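What follows is a short report on a single structure.
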Amino acid sequence: MGVDVEFLEFDPDAPGEVLSAMADLAGGAGWVTLDPAIDDRFPAPEQNLFGKIVSGRGPAVPRATWVPADVERRRPEPMSIGILHGTGADAMGHLAEKDITLPDRWRVVADHSKRGLVVWVPIDIPLDQVLAWTLIASRALTRIPLTGRWRAAVHRR
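Residues 731 to 887, numbered by our numbering, are exactly what the sequence shown covers, in order.
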């Protein structure tokens, strides 16, 4: 079974196309990865293979992944957000320093310097709130200047 990928460029103030794609994926029909556009005047630092192996940090440019809840499975999976980032350990601490908190009932299931932040989200939370928090948190977990635009890769099973 193959996976089709559709790329969508969007502005956080007009996420309609991405939200529509997320709604289409309900029930586990795929996932979405979100990458910010970076300012070309400030390219992300490159890291060689050795640096990737021994570094205790993730990528300088954050990559977020949204996975819908899959309640049809033998063991239901909650909706989840993952953010790979380069800020090191304690992403939630970094977010708190910027007055970004986890909404009520959301749960951190991993907060690792190299593997990133993983959050479970209750299935009754509106997708626009999930996307907005994900973009705000991702932006806050980078030191690279961003343009404000994003690219969504919509993976459909």
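Here a beta-carbon is modelled for each residue, glycine too, at the ideal position from N, C-alpha and C. Computed from a predicted structure; not experimentally measured.
Quiz prompt | Cutoff 6 Å; reference residue 734; Cβ partners in own chain excluding five residues on either side | solution = Position 4 of the sequence shown, counting from 1, holds the residue named residue 734. Same-chain partners within the cutoff: 886.
Practice problem: Starting from the C-beta of residue 836, find all residues in its chain whose C-beta is less than 6 Å away, skip the five residues before and the five after it, and write them out in chain order. | Solution: Your numbering for residue 836 matches position 106 in the sequence shown. Closer than 6 Å at the Cβ level, and outside the excluded window around residue 836, lie 849, 851.
Quiz item: Going straight from the alpha carbon of residue 827 to that of residue 863, what length do you get?
Solution: Along the sequence shown, one-based indexing puts residue 827 at 97. Along the sequence shown, one-based indexing puts residue 863 at 133. Whole-angstrom Cα-Cα distance: 16 Å.
Practice problem: Tell me, please, whether the stretch 867-875 touches the stretch 744-757 by the rule of three or more beta-carbon pairs shorter than 8 Å. | Solution: no
Self-check item: Chain-order list of residues whose beta-carbon lies under 6 Å from that of residue 882 (same chain, five-residue window excluded)
Solution: Position 152 of the sequence shown holds residue 882. Excluding residues within five positions, the ones whose Cβ falls inside 6 Å are 738, 748, 762, 764.
Quiz item: What first and last residue would you give for the alpha helix (DSSP H) that runs through residue 748?
Solution: Here the question's residue 748 lines up with position 18 in the sequence shown. That run of the alpha helix (DSSP H) goes 746-754.
Exercise. Confirm, please, whether the CB-CB distance from residue 832 to residue 841 is below 8 Å.
Key: As a working mapping, residue 841 is identified with position 111 in the sequence shown. As a working mapping, residue 832 is identified with position 102 in the sequence shown. No, Cβ-Cβ distance for residue 841 and residue 832 is not below 8 Å.
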